[in-house]
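Every position in the sequence shown, counted from 1, becomes a number in my numbering once 1 is added.
No residue lacks a Cβ here, since even glycine has one placed at the ideal position from N, Cα and C.
Encoded as structure tokens, the structure appears first; notes follow it.
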Amino acid sequence: MKKQIVLATTFALVLSSLYCPESQAAAKPKLSKTKLTLTVGKTAKLKVKNYKGTVKWSSNKKKVAAVSKKGVVTAKKKGTAVITAKAGKKKLKCKVTVKVAANKNTQTPEPVTTASAAPAITQNPAITNGSTSSTNPAATPKTPGTAAPTKDPIKKNPAQEQALKQMIEKLNADGATIPTDLNDKKTYIWSNEGKLTGISWSSCNISGELDFSAFETLTYLDSYGNNLSSLDISNCPSLAQLYCDNNNLGALDVSNCPSLNSLSCDHNALSSLDVSNCLSLVFLSCNNNNLSALDVSNCPSLNSLSCEYNTLSSLDVSNCPLLETLLCDNNNLSALDISNCPLSTVLCCGSNKLNTLDISNCSSLTTLDCSNNKLNTLDISICSSLSILECFDNNLSSLDTSNCSLLTWLSCDSNKLDTLDISNCSLLETLFCGNNNLSALNVSNCPSLTSLGCNYNTLSSLDISNCPLLDILLCDNNNLSMLDVSNCSSLTQISCDNNNLSSLDVSNCSSLTQLDCGGNYLSSLDVTNCPLLTDLRCDGSVSVIGYTR
2 MKKQIVLATT FALVLSSLYC PESQAAAKPK LSKTKLTLTV GKTAKLKVKN YKGTVKWSSN
62 KKKVAAVSKK GVVTAKKKGT AVITAKAGKK KLKCKVTVKV AANKNTQTPE PVTTASAAPA
122 ITQNPAITNG STSSTNPAAT PKTPGTAAPT KDPIKKNPAQ EQALKQMIEK LNADGATIPT
182 DLNDKKTYIW SNEGKLTGIS WSSCNISGEL DFSAFETLTY LDSYGNNLSS LDISNCPSLA
242 QLYCDNNNLG ALDVSNCPSL NSLSCDHNAL SSLDVSNCLS LVFLSCNNNN LSALDVSNCP
302 SLNSLSCEYN TLSSLDVSNC PLLETLLCDN NNLSALDISN CPLSTVLCCG SNKLNTLDIS
362 NCSSLTTLDC SNNKLNTLDI SICSSLSILE CFDNNLSSLD TSNCSLLTWL SCDSNKLDTL
422 DISNCSLLET LFCGNNNLSA LNVSNCPSLT SLGCNYNTLS SLDISNCPLL DILLCDNNNL
482 SMLDVSNCSS LTQISCDNNN LSSLDVSNCS SLTQLDCGGN YLSSLDVTNC PLLTDLRCDG
542 SVSVIGYTR
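What follows is the structure, given as structure tokens:
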């Protein structure tokens, strides 16, 4: 018969202590990677080890690399950024270098940056830099005592030059701070034929509407960080890259931009986004908008889609055979089918209303986060490449991981699991399966396990005999009458309170810093061989030997 759990207030204090990474007693949180190199459009999942609390993620350069609230990093522009994971009071950092995929047939132009840290012009074969591609048939000899002659600026298309000057003058008169030097290669790119191909107006205090219909040769446009309410690019058929994040756009139509390969429009007020004719679109990021529906079925080249934090109830990716990354967390989706996306490697669809999820042809999946949904079943039998699985906060009564031998991270807390067989998961490092209906758990075939959270079950048996690397063990609030940690010499934290333990031997746990064993049947406890123990919590009636703090 399970003993009565201690008072809620006391228990809350215990938990807060257990999960506080800055406490001397707790194991230090660690970031899975401190350096990361990605190509534009690719993603990577960062994990904080030795920490079970909420992690706050941020990027110092969202235009280069963005990070979701689940730690998924998306490479957006060429450059470097620092991703910070805040775990309690601890700040963990990862340097991210974003590169452009090599293309021997194209010339990479020089970066376009402004004082407001505008992104680099990349991935655009149509943009050429006058200083690198212009020719000088007659070299001028250098005269002693005089400076070397400078190259004349490219002769610009008169109509475009005049239209651009008028546009700048009008916008600056309304309070904008747009550079007026049309020869500034950090802001404007002109082709050898004098056609305007690139504009970088990032954070220039531009408000209202922008109409680029006079610049049909544009291949690159950056209007990041302004206050735009409208953006007309309907006459820009050559546009390849568009960055209009952090504005106030209510609608965006890029259907007349068949050359578009990269679009980032995060943090606007978009309720409509038309990408219907974007056959070349490879990268699309439209997070933090008001989109209720998104159809990318006519984007067969799409490789990466991020549409988190909208109000999506409909998402059509049915004709995206090249899609590798899909981030659609925090929407209102009740069903999601990516069975026609066989190359998918990363799927994050947490915090929706999913009751069906079809990943039946996704054998390449390495990361799956479908947490906080309404799933009754989850079939991952084909996902032999799966490394990270987060399916907590669902209604799962069973979970078959037998074909997931590469699994390193499994979080299936707060479901209705009666059994959990992880015998084929020998690479597993982290397992959180708390708040289920498990009566037994065998992790003896998981020698790489470092963190185990199996609290709030009905466990009467727990085998951790072959877990020499185990660092954190949370098995509180179960029915355990025996706990053998003799082979777990790496343990720094044990929470085994509110069980049926009559004895506890921690003599081999010389690294132990925190031990909570209250609410059991212990009469004595010997911690003589635990010199690092700084936080011990047990019933007052227990005779403690060797604790000097």
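At a Cβ-Cβ threshold of 8 Å, N206 and A177 count as neighbours. The DSSP-derived three-state label of I360 is coil.
Scanning its chain for C-beta atoms nearer than 6 Å, with the 5 sequence neighbours on each side dropped, one finds around L475 the residues G454, N456 and S496, in chain order.
Take the alpha-carbon of T451 and the one of Q242: they are about 44 Å apart. Membership of N228 in the beta strand (DSSP E) is indicated by the continuous run N228 to D233. Per DSSP, the continuous beta strand (DSSP E) segment holding K87 begins and ends at G80 to A88. The criterion of a C-beta distance shorter than 8 Å is not satisfied by L292 and L264. Taking C-beta atoms under 8 Å as the contact rule, C321 and C300 qualify, at a distance of about 6 Å. A67 and S427 have their alpha carbons spaced roughly 32 Å apart.
Distance from the Cα of F393 is smallest, within the candidate group N373, V347 and T368, for N373. Contact between S403 and D422 holds: CB atoms are separated by about 7 Å, below the 8 Å threshold. Listed as beta-bridge partners of R538 by DSSP are D517. With distances taken between CA atoms, W202 lies nearest to L211 out of E194, L240, L211 and G195. L229 is the residue among L229, D275 and L183 whose C-alpha sits nearest the C-alpha of N269. Separation of N257 and L280 (C-alpha to C-alpha, rounded to the nearest whole angstrom) is 11 Å. In this structure, L334 and C350 form a Cβ contact; the two beta carbons are roughly 7 Å apart against a cut-off of 8 Å. In the DSSP assignment, I389 is bridged to T368 and W410. Counting along the chain, the unbroken beta strand (DSSP E) around I473 starts and ends at I473 to L475. In the DSSP assignment, K63 falls outside any beta strand (DSSP E), carrying neither H nor E. At the C-beta level, L502 and L484 come within 8 Å of one another. Taking C-beta atoms as the reference points, N530 and S511 count as a pair closer than 8 Å. Here K50 is actually not in contact with S69; their C-beta atoms are around 18 Å apart, not less than 8 Å.
Collapsing the DSSP output to three states places N173 in a helix. Annotation: the continuous beta strand (DSSP E) that includes E210 extends over S208 to D212. Residue environment for Q494: buried (at least 16 other C-beta atoms within 10 angstroms of its C-beta). If one requires a minimum length of 3 residues, the beta strand (DSSP E) runs lying completely within the region 418-475 are 431-433, 441-443, 452-454, 462-464 and 473-475, in chain order. If you check the CB distance, N438 and L418 come in under 8 Å.
Per DSSP, reduced to three states, the secondary structure at K166 is helical. Contact annotation: Y221 and T198 have beta-carbon atoms nearer than 8 Å.
Comparing alpha-carbon positions, the option among P532, S525, D536 and L537 lying closest to S544 turns out to be S525.
Going by C-alpha positions, A82 is about 37 Å away from N356. Contact between K77 and V101 does not hold, since the beta-carbon distance rounds to 12 Å and is not under 8 Å. If you look at S525, you'll find it in the beta strand (DSSP E) that goes S525 to D527. For G199, the enclosing beta strand (DSSP E) covers residues L197 to S201. Taking 8 Å as the cut-off, the beta carbon of S385 is found no closer than this to the beta carbon of S412. Judged by DSSP secondary structure, C205 falls outside any beta strand (DSSP E); it is assigned neither H nor E.
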